[in-house]
Structure formats: structure tokens, C-alpha cells
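Undergrad:
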Amino acid sequence: MDILKTKSEMQEWSKNKKKESKTICFVPTMGYLHQGHISLMEKGAPLCDELVLSIFVNPTQFGPNEDLDSYPSNIENDLSLAKKAGATAVFLPNKENIYPENYQTEIRLKYLPDHLCGKFRPVHFAGVATVVTKLFNIVMPDMAVFGQKDYQQLQIIRQLTLDLDFDIKIIAGDIIREKDGLAMSSRNAYLSKSQRASALSLWQSLNLAKELIAKGEKDSGKIKHKMETFFKTFSQTTPEYICFCDPQTLDHVDSIENQILLALAVKIGKTRLIDNALIDPSR
Ligand code: AMP
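Residues 178 to 460, numbered by the working numbering, are exactly what the sequence shown covers, in order.
Rendered as C-alpha cells:
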């Protein structure tokens with residue numbers, strides 16, 4: 178497995194692979210890898226000749242009071258997990274290499290960031306869209322795999338790939354969960370034992386909504402109210418948003434007639450966790 182520390186090394190590597198007619202699959206991450214990241218690599222590995230993982234904690238997608246400085250990291254362990262999962266290269270740039278002095282350009286989407294996390298993290302998706310655009314130009318993959326755990330991010334990447342004419346196939350990976358249902362996240366490392374117990378409320382509240390919809394409830398407002406009441410039974414747990422939306426546009430849905438995305442962000446103490454489910458009322 179090759180380790181590439183600068184964008185010129187990475188570009189050179191990809192150009193050489195292309196000359197050899199090798200196809201490249203790309204999995205971007207911020208590191209501190211868990212089974213969710215590994216599942217994306219395992220999904221991509223059989224589809225291409227080369228599998229590139231990037232580890233870059235992108236500063237521009239963090240707001241001023243967010244966890245950029247405390248974001249967990251364990252590069253040694255990440256490299257060994259990446260190798261096991263079939264990565265043939267790891268791109269490990271530093272922030273000066275990605276954003277040199279006098280860096281100026283930003284990618285912003287018009288509508289998708291107005292919903293869900295974008296409402297509460299105003300700079301987040303411009304940071305994501307910009308860094309992913311840059312990573313696509315640096316790695317030059319044929320396909321890239323993103324997790325449905327960050328559903329809004331996945332939609333934004335799909336849209337920017339289309340809008341900016343990237344010839345890159347975007348592949349979605351399922352949400353990987355702990356045995357008890359908590360969606361895996363590098364940020365789960367922040368949770369104390371009691372907070373870890375409260376964190377299960379995200380998964381359980383999604384299941385509560387699924388049950389209500391399966392019983393015929395169509396009023397998203399009523400379901401949201403029941404979910405809010407449910408969250409009150411957990412300590413240190415405050416929902417930031419609970420949204421029922423159209424899975425494509427992310428626009429709010431009042432009456433659940435077709436498949437919806439139910440997405441939530443919840444604060445457990447200081448840790449902000451997200452989760453979501455696609456729910457089909459006809460099933
Ligand atoms: P991150 O390192 O958190 O930026 O995530 C990198 C990629 O891994 C993104 O495409 C995420 O959506 C994906 N990812 C994170 N957690 C999970 C999970 N539990 N299941 C599947 N994919 C995930």
C-alpha cells in the first residue's frame with residue numbers, strides 16, 4: 178500500500194495508474210476509521226483495480242465552536258485497517274498542502290445545504306463540497322464511495338458531480354451500526370458510559386417512527402412530537418432537528434405518502450450525533 182503525503186505525489190500516482198489503464202475507486206474520510214469506513218472500502222475494492230483512501234480532517238467544514246481541534250486520530254491504526262480492507266494507496270495530506278497561502282475558491286450549492294445539518298452548520302457543506310471537488314481533481318477516481326450515514330452530504334456530492342461534470346460514479350454505502358443499533362461514528366469516541374446509553378435514543382427513535390408509519394400514521398408532525406417526547410426520557414439528550422423530508426430534494430414532507438428520509442441530529446452532552454432512515458409507508 179502506497180502512502181502519499183502531497184497532492185502532487187497523489188496526482189502523479191493516479192496518472193501512472195491511468196497510463197496502465199487501471200481503474201481507481203476513492204473513499205474519502207477524516208480518519209479514526211471504524212467498520213463504517215471499512216464497509217465503504219470493502220464495497221469499492223472489488224469494483225476497481227486500485228482503491229485510494231484519503232484521511233484529511235478538513236478544517237473548512239468545521240465551524241468556529243466545533244470539534245476540529247479535538248477530532249480523534251490514530252493514523253497507525255488507520256493504515257493497518259486500510260491495508261486489510263484492500264486499499265492500494267492512502268492519501269494523507271496536511272492542511273497547508275490542500276489550502277496553500279492565498280487559497281481563495283469555494284464551491285457552494287444553491288438549495289441542498291438549506292436543509293437539515295446545513296441550517297445548524299452554516300459553513301459545513303461549502304467546506305465539504307470544496308474539499309471533495311479538490312480531492313476528485315487530485316485523486317482522479319473513476320468512482321467514489323460515500324456513506325448514507327451522512328445522507329445530506331451524499332446528496333450534495335451527487336449533485337456537485339452532476340453539476341461540475343465529473344466523470345465519477347458515486348456509490349452509496351449502507352449505514353453500519355453497532356450491535357445495539359448505534360450508527361458507527363468517529364465521534365462516538367467522545368461519549369461517556371452514560372452518554373453512550375443515551376446515544377441509543379437516535380436508533381430507537383427512528384424505530385419508533387417506523388412503527389408508527391407502519392401502523393398507518395401519515396402526519397409527520399404527530400410522529401415528530403412523539404419522538405421529541407421519547408428523547409425527553411434520556412439524560413443529556415437534546416434533539417437539534419428531527420426532519421421528515423423528500424429523499425431527493427430534502428424538502429419538508431407533511432403527509433407521508435411515499436418513501437421519506439427521516440433525518441435527525443441530537444446532542445448528547447456536547448457531542449452531536451446524526452442518524453437517518455429511509456422509510457417507505459407501503460412496506
Ligand atoms: P468521516 O470520516 O466521518 O468524514 O466519514 C467518511 C465516510 O464514511 C463518509 O462517506 C461517511 O458517510 C462514511 N461513514 C461514516 N460513518 C459511517 C457508518 N456508520 N456507516 C457507513 N458509512 C459511514
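For each residue, glycine too, the CB sits at the ideal point set by N, CA and C.
1. With H, G and I counted as helix, E and B as strand and the rest as coil, what does DSSP make of Gly350?
2. Where Pro205 and Pro318 are concerned, what is the direct C-alpha to C-alpha distance, given to the nearest angstrom?
3. Can you give, in chain order, each stretch of the alpha helix (DSSP H) that sits fully within the region 225-271 and has at least 4 residues?
4. Rounded to a whole number of angstroms, what is the C-alpha to C-alpha distance between Lys199 and Lys220?
5. Please state whether DSSP places Ser412 in a helix, a strand or coil.
6. Please write down, chain order preserved, every residue whose beta carbon lies under 6 Å from a heavy atom of ligand 1.
7. Mapping the DSSP letters down to three states, classify Ser432 as helix, strand or coil.
8. Mapping the DSSP letters down to three states, classify Glu273 as helix, strand or coil.
9. Which same chain residues, not among the five before or five after Lys296, have their C-beta less than 8 Å away from its C-beta?
10. Do Lys395 and Ser363 have their C-beta atoms within less than 8 Å of each other?
11. Check Lys444 in the structure and name its three-state DSSP category.
12. With the cut-off set at 8 Å, would you say Ala266 and Val309 are in Cβ contact?
13. Measure the C-alpha to C-alpha separation of Gln436 and Asp452 and round it to an integer number of angstroms.
TA: With the structure as the only source:
1. For Gly350, the secondary structure class from DSSP, reduced to helix, strand or coil, is strand.
2. 11 Å
3. 252-261
4. 18 Å
5. coil
6. Chain-ordered list of matching residues: Thr206, Met207, Gly213, His214, Ser216, Leu217, Phe323, Gly324, Lys326, Asp327, Gly350, Ile352, Ile353, Ala360, Met361, Ser362 and Ser363.
7. Three-state DSSP puts Ser432 in a strand.
8. It is helical.
9. Tyr418
10. Not a contact, by the Cβ cut-off of 8 Å.
11. In the three-state reduction of the DSSP assignment, Lys444 falls in the strand class.
12. With contacts defined by Cβ atoms closer than 8 Å, Ala266 and Val309 do not form a contacting pair.
13. 17 Å
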